[in-house]
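Colleague:
Residue numbers (this note's numbering): 8 to 287.
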């Protein structure tokens, strides 16, 4: 494992599989712009990987709590068990390349108490580039798991606590800068950002090939944004997906951050909540 057990490289995963120490694999490829996740999966996936549909398996139905609200504990436990999660077996999650979707699965499994969840650094594309085996076709049957979901193992920021985090610490907006400034808004009905938030696009955490930047570089990036040891920090995005990537990057850099899971899509559901535009 690399980076304190948060990431696993393609080489390390291949060695682990070869040695017979087989973690459960979750394929979490997803994009708001498509193509459909199942189509990507059927065209090629890591051998034996379970197919995870982010919109349904890692989120409750959209509504006032956002476009990808967290599911309840019992619901997520049932989903995780259906997808093969066991209390004593590691889970490796991956997406296409940059972990912006896989990090949502990482965060949720950790939040609900799983002790060993690793993100495949570089994702499916990195695995293929390294010569890793793949297979095609529909999802295979997965043996039911025994995972016991216990919430609260990662820091969750509720909507009423968001202004305080922005006021006394650092609230990082993980979306593209033009969305933060309110110049464009392709997904939500209101443009802008949460007052007091700082623009910190998630994609700046990654190298060109989709792998995370080294921990030292990430620490310098966040320090330049005003993140400091023992200071409160939180992250949000449009719907709580790419913000989980930000939380993971902060963890790699040595900072403990909270996730505002409802994110912008929940914030703007109540018109009484403030909206800011322009640069920070």
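Each residue gets a CB set at the ideal place from its N, CA and C atoms; glycine is no exception.
1. According to the neighbour-count rule (16 or more other Cβ atoms, all chains shown, within 10 Å of its Cβ), is residue 63 buried or exposed?
2. Strictly under 8 Å for the Cβ-Cβ distance: is residue 21 near chain C by that measure?
3. Given a cut-off of 8 Å on the beta-carbon distance, is the pair residue 61 and residue 33 in contact?
4. Go ahead and pull the three-state DSSP assignment for residue 274.
5. Between the Cα of residue 98 and those of 193, 14, 265 and 245, spot the shortest distance and give me the residue it belongs to.
6. Using only CA atoms, which one of 284, 257, 252 and 51 lies nearest to residue 143?
7. Quick check on the DSSP output: what are the complete alpha helix (DSSP H) runs of length 4 or more inside the segment 118-188, in order along the chain?
8. Ordered along the chain, which non-local residues of its own chain (more than five positions away) have a Cβ less than 6 Å from that of residue 104?
9. So, is residue 84 buried or exposed, given that buried needs 16 or more other C-beta atoms within 10 angstroms?
10. The alpha helix (DSSP H) that contains residue 48, what's its start and end?
11. Would you kindly check if the distance between the Cβ of residue 194 and the Cβ of residue 39 is under 8 Å?
12. Would you kindly check if the distance between the Cβ of residue 260 and the Cβ of residue 225 is under 8 Å?
13. So what does DSSP say about residue 35, is it helix, strand or coil?
14. In chain order, what residues of the same chain lie with their CB nearer than 8 Å to the CB of residue 244, ignoring the 5 residues before and after it?
15. Closest by CA to residue 121, which one among 128, 113 and 127?
16. Using the Cα positions of residue 115 and residue 267, report the straight-line distance between them to the nearest angstrom.
17. Quick check: the Cα distance between residue 70 and residue 165, rounded to an integer number of angstroms?
18. Which residues in the same chain as residue 78 place their Cβ atom closer than 8 Å to its Cβ, once the five residues preceding and following it in sequence are excluded?
19. Check whether the Cβ atoms of residue 117 and residue 88 sit closer than 8 Å, and answer yes or no.
20. Can you list, in chain order, the residues of its chain whose CB lies under 6 Å from that of residue 44, leaving out five sequence neighbours each side?
21. Per DSSP, residue 98 is paired with what?
22. Would you kindly work out how many angstroms separate the C-alpha atoms of residue 220 and residue 211, rounded to a whole number?
23. Provide the residue(s) that pair with residue 240 in DSSP beta bridges, ordered along the chain.
24. Please state if the CB of residue 126 and the CB of residue 109 are separated by a distance shorter than 8 Å.
25. Starting from residue 216, follow the alpha helix (DSSP H) in both directions and report where the run begins and ends.
26. Can you give the beta carbon distance from residue 199 to residue 284, rounded, assuming they're within the 8 Å contact cut?
27. So what's residue 108 in DSSP terms, helix, strand or just coil?
Modeller: Well, looking at it:
1. Here residue 63 refers to the residue found at position 56 of the chain shown. So residue 63 ends up on the exposed side.
2. Of the chains in the structure shown, none is chain C; there is only one protein chain.
3. Position 54 of the chain shown, counted from the first residue, corresponds to residue 61. Position 26 of the chain shown, counted from the first residue, corresponds to residue 33. Contact flag unset, no.
4. Your numbering for residue 274 matches position 267 in the chain shown. It is helical.
5. Looking up residue 98 in the chain shown gives position 91. When each option's Cα is compared against that of residue 98, the closest is 14.
6. Residue mapping note: residue 143 aligns to position 136 of the chain shown, counting from 1. The candidate whose alpha carbon is nearest that of residue 143 is 51.
7. 130-136, 169-175 and 184-187
8. Along the chain shown, one-based indexing puts residue 104 at 97. The residues are 130, 132 and 217.
9. Here residue 84 refers to the residue found at position 77 when the chain shown is read from its first residue. Buried is the call here.
10. Against the chain shown, residue 48 aligns to sequence position 41. Start and end: 44-50.
11. The residue you call residue 39 lines up with position 32 of the chain shown. The residue you call residue 194 lines up with position 187 of the chain shown. A contact, by the Cβ cut-off of 8 Å.
12. As a position in the chain shown, residue 225 is number 218, starting the count at 1. As a position in the chain shown, residue 260 is number 253, starting the count at 1. Yes, Cβ-Cβ distance for residue 225 and residue 260 is below 8 Å.
13. As a first step, residue 35 must be located in the chain shown, where it is residue number 28. In this structure, residue 35 counts as coil in the three-state DSSP scheme.
14. Here residue 244 is taken as the residue at index 237 of the chain shown, counted from 1. Cβ neighbours of residue 244 beyond the five flanking positions: 180, 181, 182, 209, 250, 253, 270 and 271.
15. As a position in the chain shown, residue 121 is number 114, starting the count at 1. Closest option to residue 121, Cα to Cα, is 113.
16. To locate residue 115, count along the chain shown from 1; it is residue 108. To locate residue 267, count along the chain shown from 1; it is residue 260. Answer to the nearest angstrom: the Cα atoms are 13 Å apart.
17. Within the chain shown, numbered from 1, the residue matching residue 70 stands at position 63. Within the chain shown, numbered from 1, the residue matching residue 165 stands at position 158. Taking the straight line from one Cα to the other gives about 16 Å.
18. To locate residue 78, count along the chain shown from 1; it is residue 71. The answer, listed in chain order, is 65, 66, 67 and 86.
19. One-based indexing of the chain shown puts residue 117 at position 110. One-based indexing of the chain shown puts residue 88 at position 81. Taking 8 Å as the Cβ cut-off, residue 117 and residue 88 do not qualify as a contacting pair.
20. As a first step, residue 44 must be located in the chain shown, where it is residue number 37. Within the same chain, residue 44 has close Cβ partners 36, 37 and 60.
21. Counted from its first residue, the chain shown places residue 98 at position 91. BP columns for residue 98 point to 31 and 124.
22. Taking the chain shown and counting its residues from 1, the one referred to as residue 220 is at position 213. Taking the chain shown and counting its residues from 1, the one referred to as residue 211 is at position 204. Computed Cα separation, rounded: 9 Å.
23. Here residue 240 is taken as the residue at index 233 of the chain shown, counted from 1. Note: residue 240 sits in a beta bridge opposite 177.
24. Locating residue 109 in the chain shown gives position 102, counting from the first residue. Locating residue 126 in the chain shown gives position 119, counting from the first residue. Yes, they are a contact pair.
25. For this step, residue 216 is matched to residue 209 along the chain shown. That residue, residue 216, is in no alpha helix (DSSP H); it is neither H nor E in DSSP.
26. Counting from one through the chain shown, the residue named residue 199 turns up at place 192. Counting from one through the chain shown, the residue named residue 284 turns up at place 277. 4 Å between Cβ atoms; contact.
27. As a first step, residue 108 is located in the chain shown; it is residue number 101 there, counting from the start. Residue state, collapsed to three classes: coil.
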